[in-house]
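If you're matching them up, the sequences are chains S and X in order.
So the first sequence is numbered by the numbering used here: it starts at 8 and just counts up by one.
So the second sequence is numbered by the numbering used here: it starts at 8 and just counts up by one.
Glycine included, every Cβ here is placed at the ideal spot set by N, Cα and C.
Values in this document were obtained by computation on a predicted structure and should not be read as measured data.
Protein chains: 2
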Amino acid sequence: MPQNKQIHLDNRPSAEACASNFKLVVAQTPALAPGQVLVRHHFLSLDPYMRGRMNDGKSYATPQALGQTMGGGTVGEVVESQNDRYKVGDKVVGMGGWQQYSVVDATQPGALKKVDITHVPLSHYLGAVGMPGVTAWYGLVKLCAPKAGETMVVSAASGAVGSAFGALSKARGCRTVGIAGGPDKCKYVVEELGFDACIDYKLHKDAASLSNALKEACPKGIDGYFENVGGMVLDAVLTRMNAFGRIAVCGMIAGYDAAPLPLANPSLILISRLKVEGFIVSEHMEVWPEALAELGTLVATGKLKPRESVADGLEAAPEAFLGLLKGKNFGKQLVKLL
Amino acid sequence: MPQNKQIHLDNRPSAEACASNFKLVVAQTPALAPGQVLVRHHFLSLDPYMRGRMNDGKSYATPQALGQTMGGGTVGEVVESQNDRYKVGDKVVGMGGWQQYSVVDATQPGALKKVDITHVPLSHYLGAVGMPGVTAWYGLVKLCAPKAGETMVVSAASGAVGSAFGALSKARGCRTVGIAGGPDKCKYVVEELGFDACIDYKLHKDAASLSNALKEACPKGIDGYFENVGGMVLDAVLTRMNAFGRIAVCGMIAGYDAAPLPLANPSLILISRLKVEGFIVSEHMEVWPEALAELGTLVATGKLKPRESVADGLEAAPEAFLGLLKGKNFGKQLVKLL
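This is the structure in structure tokens:
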């Protein structure tokens, strides 16, 4: 029974999340009951939705319980098994949380999924070929409903969701424009991810300035927008939406820490007859097989080159997570565990 | 050739619209060309969308041209005809504008529509059995997508759109809640229009207070909302929307006069996975026959009792219109012309 380091949520943020909200705890992994497996985690996924769960207020997800291990997606391998369907050495993806090991009742449908690492590196099952990739797929295909020749825009374009969105949008013949923070990310978005253009929002002090940049990058206006950030970026994009445009609202990371960020001009929803729809991908499990198949092919054929920021060791998780909320990561944020 | 009083848009509002934006002009009706008819207007419809057209900025409608007769819906009768399909005495609905007479090229499809006043009074073709009624029908049926037992809410509930929305929603087995200004309107909404409840927004100084009132009136939350006003009312409703709720955005009358009113907490769109959709009914002509048939039956059978505010004479139109923007009307705002 190996020692198992865990990170618990110790207390809730009063405003900005900070390292002292978390607490490192060392536990022992328990003996397995019939049907259970012990998974050693290779990688933990850090994702913006976790910030929402740290609050106690109304949200779509149950708040993260205090004094418990932070939830989160993990990839790893089976190191002990009391379940006939899993054997030692199997590579699996699951929701193991911020810890080195997890004991999983593998009889529960969907608790663990075996993955094939022949063509796709294990870590990508937490990113491009995992929840973030399917998130991009659902938002693009089902909500932005792209037609060839239209213009699709995504914020946080260099991240796990944004990069998948770009490859999926290009594959559908759309002009694809990213918004990201800083010249390095913008360069990567265009040169490595194949976006047609990328706007550095940090060069713009207000929505009017960003709106001008969008006008240049999207000469035919914007037909679909995938929202990861909210705030000024959303205000600017709204001014450039074409009539009957579609907005998929996936994240509002800019407003997670403090008072909600207002939307400056909601009447544009009427003026441009927009459809604005919020979603969370876990409520649309029916699309996962189709989405993962397309995403796996894009990665295996080199059409989607996901980038990863890897923090080293569980102890580094809180700092990496806080950095993610400020956009310090570059690509999918992971923590290398064991 | 009768004398024809007209009201022109003389200049654009700098902030709040005011009477001096309009100018009364007396013209002569011209002689008819082949295919044309001369219509004497009995009633002019005043509608909130007209305020948007008075501005020069980006909107869905072409701005109203300066120095031209204000556009608007009219009902009246044919008094002279050079068109075989229309004869003197025919009752017709059209877009005659703010004037006593209009010359219409009746060969244009949709320019004039003959109506039957056996069961439905002529003026109602500008309200419940006209554009406002179809607006309510489209927003409810196509966007709010009501299921029996769900809760539907509409703002400006005593108005032409709101009252039709209520009858249509009740006919679909929904709990139907209105928001209106003042005790008289709220009483009418419940007692005459058959809503289950009506909230007087004037009793609430902020969105939090209105939100509490909505909680009481909508114990199972809100599944569909038809937005006519924007501002504080929208902020309050958003806090009470159920997961997967639908919002039809038809008007934002609260923000027409000045700087756009912000939306306080757009992240609720994500948190509650809402679908928010703006529309204008003239872009959905395909639903008009079905909608008008249902609305005509509701009026003819007394299930929808539309109320009208009638201003007397063209000269009274500007003041009545400015009152409409402030909610001073009670029911459909009309101007009696000739």
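Cβ neighbours of residue i in the same chain (closer than 7 angstroms, five flanking residues each side left out)
| i | result |
| --- | --- |
| GLY189(X) | ASP207, LYS209 |
| THR142(S) | VAL168, CYS257, VAL288 |
| LEU36(S) | Note that residue 36(S) corresponds to Thr in the displayed sequence, not to Leu. Correct list, in chain order: MET8, PRO9, ASN11, LEU45, TYR108, VAL110. |
| MET61(X) | LEU16, ARG19, PRO20, ALA24, ASN28, GLN71 |
| LYS94(X) | VAL85, SER88 |
| ASP203(S) | ARG182, THR183, VAL184 |
| GLY334(X) | GLY188 |
Pick from the options that is closest to residue i, judged by C-alpha positions
| i | options | result |
| --- | --- | --- |
| ALA135(S) | PRO37(S), PRO313(S), SER109(S) | PRO313(S) |
| GLU370(S) | GLU322(S), GLY258(S), HIS49(S), LEU311(S) | The structure shown does not extend to residue 370(S), since chain S spans only 8 to 345, so no value can be given for it. |
| SER130(S) | ASP91(S), ALA187(S), LEU51(S) | LEU51(S) |
| VAL160(S) | ILE260(S), CYS225(S), GLY80(S), VAL148(S) | CYS225(S) |
| LYS282(X) | ASN272(S), ARG253(S), LEU305(S) | ARG253(S) |
| ALA323(S) | PRO9(S), PHE29(S), ASN18(S) | PHE29(S) |
| ALA72(X) | SER216(X), THR81(X), GLN340(X), ASP17(X) | ASP17(X) |
| VAL294(S) | GLY137(S), SER88(S), LEU268(S) | GLY137(S) |
| THR76(S) | GLY330(S), LEU321(S), GLY334(S), ALA307(S) | LEU321(S) |
| ALA68(S) | GLU326(X), LEU299(X), LYS343(X), ARG280(X) | ARG280(X) |
| ILE186(S) | ALA163(S), LEU175(S), SER170(S), ASP203(S) | ALA163(S) |
| ASN219(X) | SER21(X), GLN340(X), ARG247(X) | ARG247(X) |
| LEU217(X) | LEU245(X), GLY64(X), ALA26(X), PHE286(X) | LEU245(X) |
| LEU344(X) | PRO296(X), GLU290(X), ALA318(X), THR158(X) | ALA318(X) |
| GLY309(X) | VAL33(X), SER170(X), LYS94(X) | SER170(X) |
| ARG92(X) | GLY117(X), ALA204(X), VAL82(X), VAL127(X) | GLY117(X) |
| GLY228(S) | ALA271(S), ASP203(S), GLU157(S) | GLU157(S) |
| LEU299(S) | LYS222(S), LEU175(S), HIS15(S), ALA24(S) | LEU175(S) |
| ASP63(X) | VAL33(X), GLU223(X), CYS205(X), ALA22(X) | ALA22(X) |
| ALA34(X) | GLN13(X), LEU221(X), GLU301(X) | GLN13(X) |
| ASN235(X) | ILE278(X), LEU341(X), PHE286(X) | PHE286(X) |
| ILE278(S) | GLY334(S), ASN249(S), GLU223(S), PRO296(S) | ASN249(S) |
| ALA40(S) | GLU87(S), GLU301(S), ALA266(S) | GLU87(S) |
| PHE251(S) | LEU270(S), ASP230(S), ALA271(S) | ASP230(S) |
Own chain, CB closer than 6 angstroms to residue i, minus 5 neighbours either side, in chain order
| i | result |
| --- | --- |
| ALA214(S) | MET239, ASP242, ALA243 |
| GLY201(X) | LYS177 |
| PHE233(S) | GLY146, VAL161, PHE172, ALA255 |
| HIS291(S) | TYR145 |
| PRO55(X) | GLY258, ILE260 |
| ALA38(X) | none |
Residue(s) in a DSSP beta bridge with residue i
| i | result |
| --- | --- |
| HIS15(X) | LYS30(X), THR76(X) |
| TYR347(X) | With chain X running from 8 to 345 in the structure shown, residue 347(X) is simply not present. |
| PHE50(X) | VAL82(X), LYS343(X) |
| LEU119(S) | GLY101(S) |
| LEU45(S) | GLU87(S), VAL110(S) |
| SER21(S) | According to DSSP, which records beta bridges pairwise, SER21(S) is partnered with nothing at all. |
| MET248(S) | ILE229(S) |
| GLU315(X) | LYS339(X) |
| GLN35(S) | GLN10(S) |
Whole-number beta carbon distance between residue j and residue i, since they are thought to touch under 8 angstroms
| i | j | result |
| --- | --- | --- |
| CYS181(S) | ALA255(S) | Between ALA255(S) and CYS181(S) the Cβ distance is about 14 angstroms, and since that is not below 8 angstroms, they are no contact. |
| SER109(X) | VAL184(X) | Not confirmed; about 40 angstroms, so no contact. |
| GLY79(S) | GLY104(S) | 5 angstroms |
| LEU332(X) | ILE260(X) | 7 angstroms |
| VAL85(S) | GLY74(S) | Their Cβ separation, rounded to whole angstroms, is 28 angstroms, which puts VAL85(S) and GLY74(S) out of contact at 8 angstroms. |
| LEU362(S) | PHE328(S) | This structure cannot speak to residue 362(S), because chain S is shown only from 8 to 345. |
| PRO153(X) | LYS339(X) | Going by Cβ atoms, the distance from PRO153(X) to LYS339(X) rounds to 23 angstroms, so no, they are not a contact pair. |
| ALA26(S) | PRO273(S) | About 36 angstroms; that fails the 8 angstroms criterion. |
| VAL148(X) | VAL306(X) | Their Cβ separation, rounded to whole angstroms, is 17 angstroms, which puts VAL148(X) and VAL306(X) out of contact at 8 angstroms. |
| LEU378(X) | LEU270(S) | The requested residue 378(X) does not occur in the structure, where chain X is confined to residues 8 to 345. |
Own chain residues within Cβ distance below 8 angstroms of residue i, not counting five before or after
| i | result |
| --- | --- |
| ILE124(X) | LYS98 |
| PHE337(S) | SER165, ASP191, LYS192, TYR195, ARG314, SER316 |
| LYS120(S) | VAL99, VAL100, GLY101 |
| GLU284(S) | LEU150, ARG253, ILE254, ALA255, VAL256 |
| GLY42(X) | GLN89, ASN90, ASP112, ALA113, THR114 |
| LYS212(S) | none |
| TYR132(S) | VAL82, VAL100, VAL122 |
| ALA155(X) | ARG179, GLY180, CYS181 |
| LYS222(S) | ARG247 |
| LEU341(S) | PHE50, LEU51, SER52, LEU53, SER130, LEU133, GLY134, GLU315, SER316, VAL317, ALA318 |
| MET57(X) | GLN71, MET77, GLY78, GLY79, PHE328 |
| HIS48(X) | THR81, VAL82, GLY83, GLY103, GLN106, GLN107, TYR108, SER109, LEU344, LEU345 |
Taking the runs of the beta strand (DSSP E) that are 3 residues or longer, which of them lie wholly in the stretch 263-307 of chain S?
If you keep only unbroken beta strand (DSSP E) runs of at least 3 residues inside the stretch 263-307 of chain S, you get 282-285.
Ranges of the beta strand (DSSP E) found wholly within the stretch 152-234 of chain X, counting only runs of at least 3
The qualifying runs are 158-162, 182-187, 204-207, 229-234.
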